[in-house]
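A.B. asks: Chains as they are written, first to last, in the working numbering: chain A, 1161 to 1384; chain B, 1161 to 1384.
All residues carry an ideal CB built from backbone N, CA and C; glycine is no exception.
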DNA sequence: AGTTGTGGATAGCAACACTTTCTACTATCG
DNA sequence: CGATAGTAGAAAGTGTTGCTATCCACAACT
């Protein structure tokens, strides 16, 4: 197929596709003459992947390039690919030298029975979140962490099962990338749905989730 | 205090503070003469709040303004303030007209016993995530949703308890804003820590989490 | 008296993600 | 055959965002 069809089937404008080609997000098509190229199903798939990372995941072009690079590297283990994807999704790797926050984080991971890797991205993010919370005077914030750990552990187990269920290594790699990004977005959406649901119920004086909710509800404002 | 001290105590450059003043993220100081103003502790606190939203939450200046506006509005219920904050955090409200995805999402929320509010931001995000997943060929993705719902429900309950534990309504408002943003960041960090932990353990052939992990571990690469 | 700091205004800048415009072709339809 | 539309590739332009830099007339401190 030619570039116009690629554009038509994905909704991505032709100049944007050209831009992605220039940026190395998409491999060049097969040249049939100096100014004519053919693209295949792989290009179509790749382009959709790029758009998902950019639109749903909010990744920058550079981050997408990193992620795609990790997917393509045949040397890379699944384990490492997950790391690359997570780093790309995480964005800025801010470091703090707040010792109190660092100690809180260390104590937390140890309490969870997790390894203490103080230089990992994830650990550093946790430290700066804790430092920020203290800055603002949210003293009770660290107490929330255990709840997050419970949820995080369950999610991590699920993620891993999902990834390992992929038939081939390449497929698994892609599940890592897309699943992380889509998974984050889906979790955020579901959490918001749950929050609203629960907030509405408590407003009405009900107790905890339990069975199916009552079907009638008007709640004219906060949708949109 | 004057602007220089505000700058010194927060690490935010003076021109940036002036910029925030211009943008209305920070109220003007009390003018003591035509070109001299005084700032108080409230300004200090507010400035730190702004930085937290911008740096940790990755919110745009406009989104921060929305959030702060919601915090200040005395008419606004907690319930609605949470909505505003979440909308600001969520960013782009993409809508899709993918009917299959829409139906999957509807079926999901119904199965959870939640209200079906097809025009809410959260629902729409879920629809576009599902549409994207299908686009890319991640057929098994919708099956992940139930796991997300379990985690999301637990998190939502915790969030709500936390917010309701605040002593005053103003404090609760702030907890909503900061807690949502920091909570997201903290959850992301914790989830990544858990993922890595679990991935390492499975590599070593261990079974599921259980008790505290073994202390020794080298894992020379994927930190940093 | 002079250095430093200030509020307020305007202008500038770098990064980002495209978009536009151009040229020299190629494909295809009538 | 010729008119029209499409193409690769390169270069320059665009709009937005989040700051920085520069200026000014004045204030504060030393």
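#1: Between the beta-carbon of residue 1245/A and the beta-carbon of residue 1216/A, is there less than 8 Å?
#2: Could you tell me if residue 1330/A is buried or exposed, where buried requires 16 or more neighbouring beta carbons within 10 angstroms of its beta carbon?
#3: Report the three-state DSSP secondary structure of residue 1326/B (helix, strand or coil).
#4: For the beta strand (DSSP E) holding residue 1192/B, just list the boundary residues, first then last.
#5: May I ask you to verify whether the region 1317–1337 of chain B touches the region 1229–1247 of chain B, counting CB pairs closer than 8 Å and requiring at least 3?
#6: Mind listing the chain B neighbours of residue 1254/A? Cutoff is C-beta to C-beta under 8 Å, in chain order.
#7: Hey, does residue 1338/A have any beta-carbon neighbour from chain B nearer than 8 Å?
#8: In whole angstroms, what separates the C-alpha of residue 1176/A from that of residue 1268/A?
#9: What are the complete alpha helix (DSSP H) segments, minimum 4 residues, inside the region 1251–1327 of chain B?
#10: For residue 1189/A, which option in 1297/A, 1303/A, 1195/A and 1199/A has the closest C-alpha, if you only look at C-alpha atoms?
#11: Report yes or no: is there a C-beta of chain A within less than 8 Å of the C-beta of residue 1262/B?
#12: Kindly say whether residue 1164/B, judged by its beta-carbon, lies nearer than 8 Å to any beta-carbon of chain A.
#13: Under 8 Å: do the region 1312–1320 of chain A and the region 1196–1211 of chain B share three or more Cβ pairs, one atom per stretch?
#14: Relative to the C-alpha of residue 1229/A, which residue among 1255/A, 1291/A, 1241/A and 1194/A is closest?
#15: Against residue 1358/B, what residues of chain A qualify as contacts under a CB-to-CB distance less than 8 Å, listed in chain order?
#16: Answer with yes or no whether the minimum CB distance from residue 1203/B to chain A is below 8 Å.
#17: Between the region 1286–1301 of chain B and the region 1253–1260 of chain A, are three or more C-beta pairs nearer than 8 Å?
#18: Taking three-plus beta-carbon pairs below 8 Å as touching, is the region 1297–1311 of chain B in contact with the region 1344–1363 of chain A?
#19: Identify the contact partners of residue 1251/B in chain A, using a Cβ-Cβ distance below 8 Å as the criterion.
#20: Are the beta-carbon atoms of residue 1248/B and residue 1292/A separated by less than 8 Å?
#21: Chain B beta carbons: is any one of them nearer than 8 Å to that of residue 1296/A?
#22: With a cut-off of 8 Å on the beta carbons, I'd call residue 1323/A and residue 1312/A a contact; round off their distance for me.
#23: Exposed or buried, which one is residue 1160/B when buried takes at least 16 other CB atoms within 10 Å?
#24: If I follow the unbroken beta strand (DSSP E) through residue 1197/B, where does it start and stop?
#25: If we count the other Cβ atoms within 10 Å of its Cβ and call it buried at 16 or more, is residue 1290/B buried or exposed?
#26: Report the three-state DSSP secondary structure of residue 1174/A (helix, strand or coil).
#27: Mind checking if residue 1169/A is an interface residue toward chain B, Cβ cutoff 8 Å exclusive?
#28: Measure from the C-beta of residue 1293/A to each C-beta in chain B and report whether the shortest distance is under 8 Å.
#29: I need the straight-line Cα distance from residue 1274/A to residue 1300/A, nearest angstrom please.
#30: Rounded to the nearest angstrom, what separates residue 1207/B and residue 1183/B at their Cα positions?
#31: For the alpha helix (DSSP H) that residue 1212/A lies in, which residues bound it at each end?
#32: What in chain A is Cβ-close to residue 1208/B, meaning under 9 Å?
#33: Buried or exposed: residue 1223/B, going by 16 or more other Cβ atoms within 10 Å of its Cβ?
#34: Give the straight-line distance between the Cα atoms of residue 1219/A and residue 1214/B, rounded to the nearest whole angstrom.
#35: The alpha helix (DSSP H) with residue 1184/A in it runs from where to where?
#36: Given that residue 1308/B touches chain A, what residues does it touch there, using C-beta distances under 9 Å?
C.D. replies: So, from the data block:
#1: Against a cut-off of 8 Å, the Cβ pair of residue 1216/A and residue 1245/A comes out as no contact.
#2: With fewer than 16 other Cβ atoms from the protein chains shown falling within 10 Å of its own Cβ, residue 1330/A counts as exposed.
#3: Correct three-state label for residue 1326/B: coil.
#4: Element bounds for residue 1192/B: 1190–1193.
#5: These segments touch.
#6: Within chain B, the residues near residue 1254/A are 1215.
#7: Flagged as an interface residue toward chain B: residue 1338/A, by a C-beta distance shorter than 8 Å.
#8: The straight-line gap separating the alpha-carbon atoms of residue 1176/A and residue 1268/A is approximately 45 Å.
#9: Runs found: 1259–1271, 1281–1296 and 1305–1324.
#10: Of the candidates 1297/A, 1303/A, 1195/A and 1199/A, the one whose C-alpha sits nearest the C-alpha of residue 1189/A is 1199/A.
#11: Chain A contact via Cβ: absent.
#12: It does not; no Cβ of chain A falls within 8 Å.
#13: For the pair of segments examined, the region 1312–1320 of chain A was found not to touch the region 1196–1211 of chain B: the number of CB pairs separated by less than 8 Å stays below three.
#14: If we check each option's Cα against that of residue 1229/A, 1241/A comes out closest.
#15: Result: 1313, 1316, 1317 and 1320.
#16: It does not: the Cβ of residue 1203/B has no partner Cβ on chain A nearer than 8 Å.
#17: The answer is no - the region 1253–1260 of chain A does not touch the region 1286–1301 of chain B, with fewer than three Cβ pairs under 8 Å.
#18: Yes, the region 1297–1311 of chain B touches the region 1344–1363 of chain A.
#19: The answer, in chain order, is 1218.
#20: Not closer than 8 Å, so no.
#21: So, interface residue.
#22: Their Cβ separation, rounded to whole angstroms, is 16 Å, which puts residue 1323/A and residue 1312/A out of contact at 8 Å.
#23: Any property of residue 1160/B remains undetermined from this structure, which presents chain B solely from 1161 to 1384.
#24: According to the DSSP assignment, residue 1197/B belongs to the beta strand (DSSP E) that extends over 1196–1198.
#25: Label assigned to residue 1290/B: buried.
#26: Taken through DSSP and simplified to helix, strand or coil, residue 1174/A comes out as helix.
#27: Proximity of residue 1169/A to chain B, defined by a Cβ-Cβ separation below 8 Å, is not satisfied.
#28: With 8 Å as the cut-off, residue 1293/A counts as an interface residue toward chain B.
#29: Rounded to whole angstroms, the separation of the alpha carbons of residue 1300/A and residue 1274/A is 22 Å.
#30: In this structure, the CA atom of residue 1207/B is about 13 Å from the CA atom of residue 1183/B.
#31: Per DSSP, residue 1212/A belongs to no alpha helix (DSSP H) and is neither H nor E.
#32: Under the 9 Å cutoff, chain A gives 1292, 1295, 1296 and 1297.
#33: Classification of residue 1223/B: buried, given that the 10 Å Cβ count is 16 or more.
#34: Each residue's alpha carbon lies about 17 Å from the other.
#35: Run containing residue 1184/A: none; DSSP gives neither H nor E here.
#36: Those within 9 Å of residue 1308/B in chain A are 1315, 1318, 1343, 1346, 1347, 1349, 1350 and 1351.
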